[in-house]
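Chains A and B, in that order, are what the protein sequence lines are. Add 52 to the 1-based position in the first sequence for the numbering used here, that's all there is to it. Add 52 to the 1-based position in the second sequence for the numbering used here, that's all there is to it. Think of the CB as a built atom: it goes at the ideal place given N, C-alpha and C, for glycine as much as any other residue. If you're wondering where the values come from, they're calculated on a predicted model, not measured in any experiment. Everything on this sheet refers to the single structure shown next.
Number of protein chains: 2
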Amino acid sequence: MSRGTSSARDRAVADVFFALGDGTRLSVVEKLGAAGALSATGLSGGARVSRQAIVKHLRVLEDAGLVSHERRGREVLYALVPQRLDDARTFLDSVSSSWDRALERLRRLVEE
Amino acid sequence: MSRGTSSARDRAVADVFFALGDGTRLSVVEKLGAAGALSATGLSGGARVSRQAIVKHLRVLEDAGLVSHERRGREVLYALVPQRLDDARTFLDSVSSSWDRALERLRRLVEE
DNA sequence: TCGACCTGCAACTGAGAGGTTGCACATGGT
DNA sequence: ACCATGTGCAACCTCTCAGTTGCAGGTCGA
Chain A
53 MSRGTSSARD
63 RAVADVFFAL
73 GDGTRLSVVE
83 KLGAAGALSA
93 TGLSGGARVS
103 RQAIVKHLRV
113 LEDAGLVSHE
123 RRGREVLYAL
133 VPQRLDDART
143 FLDSVSSSWD
153 RALERLRRLV
163 EE
Chain B
53 MSRGTSSARD
63 RAVADVFFAL
73 GDGTRLSVVE
83 KLGAAGALSA
93 TGLSGGARVS
103 RQAIVKHLRV
113 LEDAGLVSHE
123 RRGREVLYAL
133 VPQRLDDART
143 FLDSVSSSWD
153 RALERLRRLV
163 EE
């Protein structure tokens with residue numbers, strides 16, 4: 053306990069948010085969520101950046117645990133792994149609820 | 053349709069995720085959620101970066117709409133604005149659900 | 001076998017993020 | 001009035017991120 057904050061878990065959550073904190077990656081995530089599975093070339097079609105840029109973004113997403121890849125013949129298909137999304141949501145929930153409790157305490161302090 | 057996605061709303065969501073995608077800022081958000089309201093100096097106490105670094109991070113958080121400040125005598129108190137957190141959660145929900153639908157479609161495609 | 005297509009690696013660049021230090025300015029307590 | 005404390009610039013540095021281009025290596029179909 054005590055020094056529970058700022059642990060490896062928090063770093064993983066920060067990685068997830070970092071991965072989602074880029075417009076290009078965010079649109080990649082949206083496309084993957086909508087299409088199910090796509091190759092880097094398929095994802096770069098319609099994007100305004102090169103295929104290599106998409107590949108780098110996919111690596112970031114995969115390092116964060118948001119995406120997995122699978123070789124399918126001569127192409128590589130990328131798909132979402134929504135589990136980490138749940139971790140991020142859990143973090144947001146915990147901050148929101150502790151914020152609510154803090155509000156209560158503040159209210160009582162002010163009312164003295 | 054077509055250009056409906058990747059709009060100003062998506063940019064705002066990316067800004068929120070970007071703001072949360074840094075370990076220092078994430079711990080700031082946690083501290084603010086736990087304490088309710090803190091000054092930059094109060095936040096930098098215990099952190100391993102300088103007060104000025106915290107101030108810059110607070111500016112990023114405020115630009116993303118996650119934090120607001122209020123002058124209180126000679127110090128400036130920062131507090132969470134949990135509304136954007138809800139927006140981020142909503143985004144995660146929508147990606148998750150569209151992902152679930154995509155999984156269904158993929159399953160049916162594979163079963164041909 | 002040959003050509004088309006997709007991937008993988010490497011080198012390079014520009015811009016911005018994250019951080020620091022130093023100092024000036026305001027404000028509260030004594 | 002004085003001093004301590006907290007804030008607000010501004011300049012500066014370093015390192016990483018996002019993106020590009022070029023080319024080599026697999027893999028499928030004809």
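Check the Cβ of residue i against every Cβ in chain A and list those closer than 8 Å, keeping chain order.
i, result
"residue 87(B)", "154"
"residue 123(B)", "Under the 8 Å cutoff, chain A gives no residues; its nearest Cβ is about 17 Å from residue 123(B)."
Could you name the residues of chain A that residue i contacts, counting a contact when the two beta carbons are closer than 9 Å?
i, result
"residue 115(B)", "The contacting residues do not exist; residue 115(B) stays about 13 Å from chain A at best."
At a Cβ threshold of 8 Å, is residue i touching chain A?
i, result
"residue 81(B)", "yes"
"residue 101(B)", "no"
"residue 120(B)", "no"
"residue 65(B)", "yes"
"residue 92(B)", "no"
"residue 111(B)", "no"
"residue 95(B)", "no"
"residue 141(B)", "yes"
Report the neighbours of residue i on chain A: residues whose CB is nearer than 7 Å to its CB, in chain order.
i, result
"residue 132(B)", "151"
Should residue i be listed as close to the ligand COA, given that the test is whether its C-beta is under 7 Å from any heavy atom?
i, result
"residue 60(A)", "No copy of the ligand COA appears in this structure; indeed no ligand is present at all."
Taking only beta-carbon positions, decide if residue i is within less than 8 Å of chain B.
i, result
"residue 73(A)", "yes"
"residue 147(A)", "yes"
"residue 61(A)", "no"
"residue 56(A)", "Model confidence at residue 56(A) stands at a pLDDT of 41, short of 50, so the residue's coordinates are unreliable; what they give is reported in the following sentence. By this cut-off, residue 56(A) is not an interface position."
"residue 105(A)", "no"
"residue 129(A)", "no"
"residue 160(A)", "no"
"residue 70(A)", "yes"
So which residues of chain B does residue i contact, with C-beta pairs closer than 7 Å?
i, result
"residue 157(A)", "88"
Kindly indicate the opening and closing residues of the beta strand (DSSP E) around residue i.
i, result
"residue 133(A)", "No beta strand (DSSP E) contains residue 133(A), which DSSP labels as neither H nor E."
"residue 116(B)", "From DSSP, residue 116(B) is part of no beta strand (DSSP E); its letter is neither H nor E."
For the alpha helix (DSSP H) containing residue i, name the first residue and the last one.
i, result
"residue 99(A)", "No alpha helix (DSSP H) holds residue 99(A); DSSP gives it neither H nor E."
"residue 67(A)", "60 to 72"
Going by the DSSP bridge assignment, what does residue i pair with across the sheet?
i, result
"residue 82(B)", "BP columns for residue 82(B) are empty, so no partner."
"residue 122(A)", "129(A)"
"residue 89(B)", "131(B)"
_Touching by the beta-carbon criterion (3+ pairs, under 8 Å), the stretch 146 to 160 of chain B and the stretch 83 to 91 of chain A_ = yes
*Assess, as a yes-or-no matter, whether the stretch 102 to 113 of chain B is touched by the stretch 94 to 114 of chain A under the definition of 3 or more beta carbon pairs within less than 8 Å.*
no
*Take every Cβ of the stretch 109 to 124 of chain A, pair it with every Cβ of the stretch 69 to 88 of chain A, and state whether three or more of those distances are shorter than 8 Å.*
yes
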